[in-house]
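K.L.:
Quick note, the sequence shown lines up with residues 2 to 182 if you use the numbering used here. Got a structure for you, questions after.
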Amino acid sequence: MSRDDPYGALQKKLGWELPGKDPTELAARWVEEMDGQGVERMVLMPGVVGDEESVSAAVKAYPERFTGYVMIDPTQDDAVSRAHRALTDLGLRGITLFPAMHHFYAWDERFFPVYEEANRQGVPVFVHFGILKMGIRDRLGIPSKFDMRFSNPLDLSLPAREFPEVQFIIPHFGCGFFRET
């Protein structure tokens, strides 16, 4: 990558349209793409923990088109307060968890406070199980640190029983774990 223009060099290497700094510009680009594909609404979630401000800005710019979720790493000390702030102050409407990415078992009771917050706020919890890949990592040759030991949808059995009011979402039929899902 070029020292003078690392962003441009990255864009050239990936061959992808990369977002600018303003999340509302990216939101406008997504709306344009949605219109072209006949998509009325979609859920936005950050690609990394801590980017809920960008999702909130996009949702506020296009509230009729986007619903925003916050990505939480329940192993972090501020997980519940981050979720609370995103759901109350930033207007987001769901929690996203990636057990394989953040190396935790969904059944581990140490992380139940995140489910309790979802229950208090009346929002769904999107839990990505199964095979997890991120195209940008592959294109850049960055090795994955995702751990499949945390990817079994059966791990949600205990939380689902303990929090029957919470709507749990398992995307993509469990990403290769259809039977378990």
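Think of the CB as a built atom: it goes at the ideal place given N, C-alpha and C, for glycine as much as any other residue.
Determine the closest residue to F164 out of A107, M35, F179 and F178, with distance taken between C-alpha atoms.
P.N.:
Nearest of A107, M35, F179 and F178 to F164, Cα basis: A107.
K.L.:
Can you check the segment 27 to 96 for any beta strand (DSSP E) of at least 3 residues that lies completely inside it and give the ranges in chain order?
P.N.:
43 to 45 and 67 to 69
K.L.:
Along the alpha helix (DSSP H) that carries F113, what are the first and last residues, could you check?
P.N.:
Here the alpha helix (DSSP H) through F113 covers F113 to Q122.
K.L.:
Look up L98 in the DSSP assignment and give the residues it is bridged to.
P.N.:
V128
K.L.:
Is F151 helix, strand or coil when you go by DSSP?
P.N.:
helix
K.L.:
Give the DSSP bridge partners of I170, in chain order.
P.N.:
F127
K.L.:
Kindly indicate which residue of D23, V49 and D79 has the alpha-carbon position closest to the one of V60.
P.N.:
D23
K.L.:
Taking Cβ to Cβ, would you say R151 is nearer than 9 Å to K134?
P.N.:
The residue asked about is misnamed: residue 151 is Phe in this sequence, not Arg. Going by C-beta atoms, F151 is not nearer than 9 Å to K134.
K.L.:
Could you tell me the distance, in whole angstroms, from the CA atom of G175 to the CA atom of T97?
P.N.:
Computed Cα separation, rounded: 15 Å.
K.L.:
Consult DSSP for M2 and reduce its assignment to one of helix, strand or coil.
P.N.:
Because the pLDDT of M2 is 47, which lies under 50, any placement of that residue in the model is unreliable, and the question is left without a value.
K.L.:
Determine contact between the segment 26 to 40 and the segment 57 to 76, defined as no fewer than three beta-carbon pairs at a distance below 8 Å.
P.N.:
yes
K.L.:
Could you tell me whether the segment 75 to 82 touches the segment 100 to 119, where touching means 3 or more Cβ pairs closer than 8 Å?
P.N.:
Taking a contact to require three or more Cβ pairs closer than 8 Å, the segment 75 to 82 and the segment 100 to 119 qualify as touching.
K.L.:
DSSP state of R140, grouped into three classes?
P.N.:
Three-state DSSP puts R140 in a helix.
K.L.:
Taking a contact to mean a Cβ-Cβ separation below 9 Å, would you say G177 touches I143 in this structure?
P.N.:
no
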